[in-house]
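Working notes for the structure below.
Residue numbers (my numbering): 1046 to 1137.
So, in structure tokens, the structure goes:
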């Protein structure tokens, strides 16, 4: 089973909220999200060229990516788990 080994503070910044992926460090002022509250990347500080209102697809994708990152699984394992839960009767 694979797992993401890259910079996890970048993931919090991409989602726009703390995901507490680094444990106790996320509660300190040293947290990457506290230091830089904007999205990562070349165009993170400014949102030029991007509309303020997200589409429905963008909102759904952000929610799915947030869930994947919180649970620490990659796309294939997430899809498999979701499929199993969908087929299972009752509460999952």
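Built from N, CA and C at the ideal position, the CB exists for glycine as well. All values derive from a computational prediction rather than experimental measurement.
Where the alpha helix (DSSP H) containing residue i begins and where it ends
{"i": "residue 1130", "result": "1120 to 1132"}
{"i": "residue 1083", "result": "Note, residue 1083: premise wrong, no alpha helix (DSSP H); not H, not E."}
Inter-residue spacing [alpha-carbon to alpha-carbon] between residue i and residue j
{"i": "residue 1046", "j": "residue 1134", "result": "26 Å"}
{"i": "residue 1136", "j": "residue 1130", "result": "9 Å"}
{"i": "residue 1071", "j": "residue 1077", "result": "8 Å"}
{"i": "residue 1065", "j": "residue 1132", "result": "30 Å"}
{"i": "residue 1102", "j": "residue 1051", "result": "26 Å"}
Beta-carbon proximity check, residue i vs residue j, cutoff 7 Å
{"i": "residue 1055", "j": "residue 1085", "result": "yes"}
{"i": "residue 1057", "j": "residue 1063", "result": "yes"}
query = For the stretch 1071 to 1088 against the stretch 1096 to 1106, are there 3 or more C-beta pairs whose distance is under 8 Å?
reply = no
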